[in-house]
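Under numbering that gives the first Met the number 0, think of the first position of the sequence shown as 0, with each following residue one higher.
Every residue gets a Cβ at the ideal spot worked out from N, C-alpha and C, and that includes glycine.
Heads up: the structure comes next, in structure tokens.
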Amino acid sequence: MVNRNVLAHQLFTGISRQHLGCLVEELAGPWQAAVEGRRHEARGGARKREAGAGAQHRLVFVDRLVATLIHLRHDLPHSVLALLFGVDRSTVTRAIGEIRRLLAEQGCSVPDRPGLRLRTLADVFAYAQAEGFELRLDATEVQVRRPLAGRGGRRAFVSGEKKQNTMKATVVADRQGRTLWTDALRPGRMHDVTAARNEGIAVCFQHFPDVEVLLDDGYLGLRRDHPGQAITPLRKPNKIALPHVHAAREEARHRHSSKRITVEHALADHKRWKQLTRWTRRRDVLPDTYRAIAGLVSDRNTIA
0 MVNRNVLAHQ LFTGISRQHL GCLVEELAGP WQAAVEGRRH EARGGARKRE AGAGAQHRLV
60 FVDRLVATLI HLRHDLPHSV LALLFGVDRS TVTRAIGEIR RLLAEQGCSV PDRPGLRLRT
120 LADVFAYAQA EGFELRLDAT EVQVRRPLAG RGGRRAFVSG EKKQNTMKAT VVADRQGRTL
180 WTDALRPGRM HDVTAARNEG IAVCFQHFPD VEVLLDDGYL GLRRDHPGQA ITPLRKPNKI
240 ALPHVHAARE EARHRHSSKR ITVEHALADH KRWKQLTRWT RRRDVLPDTY RAIAGLVSDR
300 NTIA
């Protein structure tokens with residue numbers, strides 16, 4: 000067993016001790032409620048002994064949270080974490096599944112709004128319209144294992160851009176590169192515009208007409224359907240256009256890219272967590288993992 004204070008260091012968890020303390024305060028209650036709910040279901044009724052009686056957890060809540068953070072940050076195997084914390088591997092596996100789900104359900108925090116969490120795309124649009132700023136939206140892909148031969152939908156994960164099996168995440172950030180929201184992840188073959196539409200972006204544009212979203216060239220369909228709100232770079236002019244037209248277009252594209260680059264910085268912050276560089280586990284767990292990491296990154300930027 001390694002000293003718990005050493006394992007809780009920022010080099011292992013990826014977050015500061017202040018941030019870790021905030022997570023313990025926010026998640027301890029929901030975790031304990033979930034534990035009591037499972038016990039109530041197993042008993043088939045109310046508890047017969049006082050609270051605190053009976054067997055105790057060998058891996059307390061703080062250690063479960065630290066083990067999950069180390070797993071997300073450095074992708075250490077469950078068996079290694081079990082050795083570090085002095086418990087069985089199955090205990091670590093169960094603990095990581097519980098804490099990862101709680102982190103994913105938290106959503107993303109916003110600066111200067113303690114307790115406010117953005118969990119849906121509509122929440123993000125409502126917040127942007129209330130604060131009066133424009134959003135930045137982009138998609139990124141995480142490489143996953145190739146599905147087994149003979150299974151239906153095998154081609155759905157083959158990305159036309161990456162030429163690999165991937166899953167696609169759509170991320171929204173603000174002008175300072177702070178993560179505000181990420182979707183449930185889609186198969187890599189799906190187009191960026193289709194993924195955004197499946198999350199209900201058209202309805203958000205309709206209900207929040209004052210919100211502008213900066214996009215790249217992959218979202219030209221949204222600009223066509225929602226002019227003035229979905230903003231993409233200018234299209235390339237005709238070859239016979241005058242030189243000053245080409246120069247004005249390049250200058251406009253440069254200004255647009257300078258504003259939109261913050262969402263690229265947000266995506267880079269996510270990919271610094273080892274598990275998002277290449278996903279080698281079950282694909283149905285990746286959405287919770289990505290949302291958990293996105294929420295941690297947004298908290299870190301807010302607390303800092």
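For residue i, count neighbouring C-beta atoms within 10 Å of its own C-beta (all shown protein chains included) and say buried if the count is 16 or more, exposed if not.
{"i": "Gln105", "result": "buried"}
{"i": "Ile95", "result": "buried"}
{"i": "Asp182", "result": "buried"}
{"i": "His39", "result": "exposed"}
{"i": "Gly307", "result": "In the structure as shown, the chain starts at 0 and stops at 303, and residue 307 therefore has no counterpart that could be examined."}
{"i": "Val212", "result": "buried"}
{"i": "Thr288", "result": "buried"}
{"i": "Val123", "result": "buried"}
{"i": "Ile239", "result": "exposed"}
{"i": "Pro208", "result": "exposed"}
{"i": "Asp137", "result": "buried"}
{"i": "Ser89", "result": "exposed"}
{"i": "Arg99", "result": "buried"}
{"i": "Ser257", "result": "exposed"}
{"i": "Val5", "result": "exposed"}
{"i": "Asp111", "result": "exposed"}
{"i": "Val86", "result": "buried"}
{"i": "Glu249", "result": "exposed"}
Would you kindly report the start and end of the unbroken beta strand (DSSP E) that includes residue i?
{"i": "Trp278", "result": "Taken as a continuous stretch (DSSP letters only), Trp278 belongs to no beta strand (DSSP E), as it is neither H nor E."}
{"i": "Val141", "result": "134–142"}
Classify residue i as helix, strand or coil using the three-state DSSP reduction.
{"i": "Gln175", "result": "coil"}
{"i": "Thr231", "result": "coil"}
{"i": "Ser15", "result": "coil"}
{"i": "Ser108", "result": "strand"}
{"i": "Leu117", "result": "strand"}
{"i": "Lys238", "result": "coil"}
{"i": "Ala45", "result": "coil"}
{"i": "Lys161", "result": "coil"}
{"i": "Val210", "result": "coil"}
{"i": "Pro186", "result": "strand"}
If we call anything under 8 Å between Cβ atoms a contact, is residue i one with residue j?
{"i": "Arg185", "j": "Met166", "result": "yes"}
{"i": "Ala81", "j": "Val65", "result": "no"}
{"i": "Arg188", "j": "Ala155", "result": "yes"}
{"i": "Trp278", "j": "Ile292", "result": "no"}
{"i": "Val141", "j": "Ala103", "result": "no"}
{"i": "Thr107", "j": "Leu26", "result": "Correcting the residue type first, residue 107 is Cys in the shown sequence and not Thr. Their beta carbons are not under 8 Å apart, which means Cys107 does not touch Leu26 by this criterion."}
{"i": "Gln175", "j": "Thr67", "result": "no"}
{"i": "Pro236", "j": "Arg252", "result": "no"}
{"i": "Asn164", "j": "Arg150", "result": "no"}
{"i": "Ile302", "j": "His8", "result": "no"}
{"i": "Ser78", "j": "Arg177", "result": "no"}
{"i": "Ala121", "j": "Cys203", "result": "yes"}
{"i": "Phe132", "j": "Asp173", "result": "yes"}
Starting from residue i, follow the alpha helix (DSSP H) in both directions and report where the run begins and ends.
{"i": "Val296", "result": "285–302"}
{"i": "Pro242", "result": "242–270"}
{"i": "Ser218", "result": "At residue 218 the sequence reads Tyr, which differs from the Ser that was named. Taken as a continuous stretch (DSSP letters only), Tyr218 belongs to no alpha helix (DSSP H), as it is neither H nor E."}
{"i": "Ala81", "result": "77–84"}
{"i": "Asp62", "result": "60–73"}
{"i": "Ala195", "result": "191–197"}
{"i": "Arg153", "result": "First-last for Arg153: undefined, no H or E at that position."}
{"i": "Asn4", "result": "3–6"}
{"i": "Phe204", "result": "200–206"}
Rounded to whole angstroms, how far is the Cβ of residue i from the Cβ of residue j, which I believe are closer than 8 Å?
{"i": "Leu322", "j": "Val171", "result": "Nothing can be reported for residue 322, as the shown portion of the chain is limited to 0 through 303."}
{"i": "Arg299", "j": "Ile14", "result": "6 Å"}
{"i": "Arg72", "j": "Thr12", "result": "6 Å"}
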